[in-house]
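If you count by the numbering used here, then the sequence shown holds residues 45 to 463, one letter each, in order. Where is the CB? At the ideal position from N, CA and C, for every residue including glycine. Okay, so here's the structure we're looking at.
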Amino acid sequence: MAAGYLDILRARHAARLLTGTLVGRLPNGTAHIAIVLFTRAEGGSYTLAGALAAAYGLATAVGQPLLGRAVDLHGQPRVQLPAAVVSALGMSLLAFTGLSSLPLAYLAVIVAGVATPPLEGGLRALWPSVLKGEGQVHRAYAMDAVAQEIMFTVGPLLVTVLVSLWSPAAALLVINAIGVLGALSVVLSEPSRTWRSAPREAHWLGALRSPGLLALLGAFFFVGLALGSITVAGVAYADDHGRESVYGWLMAALGLGALIGGLSYGARQWAGAPEKRLRFIVGLLALGYLPLTLTPSVPVMTALAALAGVFLAPAIACSFIVVDRHAPRGTVTEAFSWLVTTFGVGAAAGTAVAGPAVELGSTAWSFAVAGAGGVAALVVLLSTGRALAAPSRTPSVVTGSENDRNGAVEPGFSSGHKA
């Protein structure tokens, strides 16, 4: 297992691109907790903290596909680095002005959110130009999904350390400065500088004109809803057991499960259409969420949480392949950015629904939201089989970007650069 991942990291530029992307995404991965801590330190209420964090999240959801389209049209350096700088300036404005003017505070987080660079989609567009063949690209997608779990675990810890050492305002400034350095590392790399998207058909819908992509986005809205509801349900479960540490154990178990599942998924070659494989994985994901409604003892619940997490990273990694197969010519970065947006909106909806579920019913009801989300995702995939069975273009592995001088091509996979 480890040898395959080491081969990827040994490839020229691969480690730099992966590390730079993760570092560049730190501001986005930690923004919600950083905004909440900053707002509370400034004397704001939890309601205001949640509203500012929600404004940031919605702004990010709007900005990602728009900036992804800009990357496809104009290249990565012209979009990613300026966006990272503008986003950091937005958060810096919040850190320096505080809550003295609420309209200004909302403007600051909205600017920061809209300008969040689409580094995640950009990295997936670059993998075929850095790695050799279908197997390595698929494994890189799995490694990417696992790395996300690590970032979303380490990032909040880094914020809390910075807050304890300095202040919430300093945490905002430092995290965003680090993010700009990560984006800079990516855009100065040769693959980022030389990557070009394929010529695209002028269409106002862009990537969204693909029926297969729309089906996938619909399914992953519900996957995001399931994951978002678990974060609220976990808090309610911890309250029921009178120990805040229980929440940490549940979230750590979910992350550990995703880590194991992602590494295992990427360690082998998979035969058959990824669309069929995705239905199977999402079905297992839904089955993993359903037992959480039993809300058993803490040790059993922790084990169930780990089991529920096992299929998340494989589902995400497989979805990357499906996005790549169905994205219309010249829209690969935009298509990946739409997946990020849809997943994030679904997670926000999950947190919104799970709260009332706890208050109106019980903790079990909030976990039932996660199970229902998993089942709904599977239903979407099953009911849109015809759209997902017909990629909008002929698949072909492109082991380099369109300007790759090697021009090696293998059948069976598409990088999003060729028709």
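Reference Trp-293, options Leu-331, His-118 and Ser-341, closest by Cα: Sequence index remark: in the sequence shown, residue 293 carries index 249 (1-based). Looking at the Cα atoms, Ser-341 is the closest of the given residues.
Host alpha helix (DSSP H) of Lys-320 (start-end): In the sequence shown, the residue the question calls residue 320 occupies position 276. Residues 318-333.
Closest Cα partner of Leu-216 within the set Gly-226, Leu-202, Leu-228 and Ala-227: As a working mapping, residue 216 is identified with position 172 in the sequence shown. Cα-wise, what sits closest to Leu-216 is Leu-202.
Span separating the alpha-carbon of Arg-544 from that of Val-279: Absent from the structure is residue 544, since the part of the chain shown begins at 45 and ends at 463.
Rounded separation between Trp-409 and Ala-359 - CA only: Walking along the sequence shown from the start, residue 409 turns up at place 365. Walking along the sequence shown from the start, residue 359 turns up at place 315. Distance between the alpha carbons of Trp-409 and Ala-359 is about 24 Å.
Sequence-distant residues of the same chain with beta carbon closer than 8 Å to Leu-70, five excluded per side: Sequence index remark: in the sequence shown, residue 70 carries index 26 (1-based). Excluding residues within five positions, the ones whose Cβ falls inside 8 Å are Met-195, Gly-199, Leu-202, Ile-219, Ile-222, Gly-223 and Gly-226.
Beta-carbon proximity check, Ala-149 vs Leu-138, cutoff 7 Å: Within the sequence shown, the letter at position 105 stands for residue 149. Within the sequence shown, the letter at position 94 stands for residue 138. Result yes, Cβ atoms of Ala-149 and Leu-138 sit closer than 7 Å.
Residue ranges of each beta strand (DSSP E) within the segment 132-160, 3 or longer: none
Status (buried if at least 16 other CB within 10 Å, exposed otherwise) for Ala-297: Residue mapping note: residue 297 aligns to position 253 of the sequence shown, counting from 1. So Ala-297 ends up on the buried side.
Alpha helix (DSSP H) runs wholly inside the segment 70-117, at least 4 long, in chain order: 70-85
Assumed close pair Gly-390, Gly-268 - CB separation to whole angstroms, cut-off 8 Å: For the purposes of this step, residue 390 is taken as the residue at position 346 of the sequence shown. For the purposes of this step, residue 268 is taken as the residue at position 224 of the sequence shown. Right, their Cβ atoms sit about 3 Å apart.
Nearest-angstrom Cα separation, counted from Leu-232 out to Val-67: Translated into positions along the sequence shown, residue 67 becomes position 23. Translated into positions along the sequence shown, residue 232 becomes position 188. Val-67 and Leu-232: Cα-Cα distance of roughly 14 Å.
Rounded straight-line distance, which links the Cα of Gly-88 to that of Val-366: For the purposes of this step, residue 366 is taken as residue 322 along the sequence shown, with counting starting at 1. For the purposes of this step, residue 88 is taken as residue 44 along the sequence shown, with counting starting at 1. Rounded to whole angstroms, Val-366 to Gly-88 spans 43 Å at the Cα level.
Distance CB(Leu-422)-CB(Gly-332) smaller than 7 Å: As a first step, residue 422 must be located in the sequence shown, where it is residue number 378. As a first step, residue 332 must be located in the sequence shown, where it is residue number 288. No, the Cβ-Cβ distance between Leu-422 and Gly-332 is not below 7 Å.
Leu-131 classed as buried or exposed, judged by whether at least 16 other C-beta atoms fall within 10 angstroms: Taking the sequence shown and counting its residues from 1, the one referred to as residue 131 is at position 87. Just to set this straight, residue 131 is Ser in the shown sequence, not Leu. Result: buried.
Status (buried if at least 16 other CB within 10 Å, exposed otherwise) for Val-442: By one-based count along the sequence shown, residue 442 stands at place 398. Legend: pLDDT at Val-442 = 40, less than 50; position of this residue unreliable, no value from coordinates given.
Start-to-end residues for the alpha helix (DSSP H) that takes in Trp-171: Residue mapping note: residue 171 aligns to position 127 of the sequence shown, counting from 1. That run of the alpha helix (DSSP H) goes 163-174.
Extent of the continuous alpha helix (DSSP H) run through Thr-395: The residue given as residue 395 occupies position 351 in the sequence shown. For Thr-395, the uninterrupted alpha helix (DSSP H) run begins and ends at 376-404, by DSSP.
Stretch pair the segment 151-168 + the segment 99-118: three plus CB contacts closer than 8 Å: yes
Delimiting residues of the alpha helix (DSSP H) encompassing Gly-305: If you number the sequence shown from 1, residue 305 lands on position 261. Here the alpha helix (DSSP H) through Gly-305 covers 289-310.
Residue environment, His-370, which counts as buried when at least 16 other CB atoms sit within 10 Å: Stepping through the sequence shown from its first residue, residue 370 is reached at position 326. That one is buried.
Pair within 7 Å by beta-carbon distance, Tyr-185 and Ala-412: Along the sequence shown, one-based indexing puts residue 185 at 141. Along the sequence shown, one-based indexing puts residue 412 at 368. Contact: no.
Beta-carbon proximity list for Ile-77, same chain, < 7 Å, skipping 5 on both sides: Start at 1 with the first residue of the sequence shown, and residue 77 comes out as number 33. Taken in chain order, the residues that qualify are Pro-200 and Val-203.
Leu-125 burial status per 10 Å Cβ neighbour count (16 or more: buried): The residue labelled residue 125 in the question sits at position 81 within the sequence shown. Counting Cβ neighbours within 10 Å, Leu-125 comes out buried, since at least 16 surround it.
Nearest-angstrom Cβ-Cβ length linking Ile-325 and Phe-355, presumed shorter than 8 Å: For the purposes of this step, residue 325 is identified with residue 281 of the sequence shown, where counting begins at 1. For the purposes of this step, residue 355 is identified with residue 311 of the sequence shown, where counting begins at 1. With a Cβ gap of about 6 Å, Ile-325 and Phe-355 count as contacting.
Val-155 and Leu-96 closer than 7 Å at C-beta: Numbered from its first residue, the sequence shown carries residue 155 at position 111. Numbered from its first residue, the sequence shown carries residue 96 at position 52. Going by C-beta atoms, Val-155 is not nearer than 7 Å to Leu-96.
Buried or exposed by the 16-neighbour rule on C-beta atoms within 10 Å, applied to Trp-382: For the purposes of this step, residue 382 is taken as residue 338 along the sequence shown, with counting starting at 1. Buried, by the Cβ-count rule.
Residue interval of the alpha helix (DSSP H) (run including Gly-278): Within the sequence shown, residue 278 is the residue found at index 234, counting from 1. Run containing Gly-278: 255-284, per the alpha helix (DSSP H) assignment.
Host alpha helix (DSSP H) of Val-409 (start-end): For this step, residue 409 is matched to residue 365 along the sequence shown. Sequence inspection shows Trp at residue 409; the Val mentioned does not correspond to that position. Its alpha helix (DSSP H) spans residues 407-427.
8 Å contact criterion, which Leu-50 and Glu-86 should meet: CB distance rounded: Mapped onto the sequence shown, residue 50 falls at position 6. Mapped onto the sequence shown, residue 86 falls at position 42. Not confirmed; about 46 Å, so no contact.
Backbone CA spacing between Leu-307 and Leu-133 [nearest angstrom]: The count along the sequence shown starts at 1 and reaches residue 307 at position 263. The count along the sequence shown starts at 1 and reaches residue 133 at position 89. Spanning the two alpha carbons is a distance of roughly 36 Å.
Of the residues Ile-274, Val-207, Gly-429 and Ala-302, the one placed nearest Ala-357, counting alpha carbons only: Within the sequence shown, numbered from 1, the residue matching residue 357 stands at position 313. Closest option to Ala-357, Cα to Cα, is Ala-302.
Status (buried if at least 16 other CB within 10 Å, exposed otherwise) for Ala-189: Your numbering for residue 189 matches position 145 in the sequence shown. Buried, by the Cβ-count rule.
Inter-residue CB distance, Ala-259 and Leu-432 (contact presumed, cutoff 8 Å): Residue 259 sits at position 215 when you count from the first residue of the sequence shown. Residue 432 sits at position 388 when you count from the first residue of the sequence shown. At roughly 5 Å, the Cβ-Cβ gap stays under 8 Å, so Ala-259 and Leu-432 are in contact.
Rounded C-alpha distance that separates Arg-430 from Thr-386: Within the sequence shown, numbered from 1, the residue matching residue 430 stands at position 386. Within the sequence shown, numbered from 1, the residue matching residue 386 stands at position 342. Spanning the two alpha carbons is a distance of roughly 21 Å.
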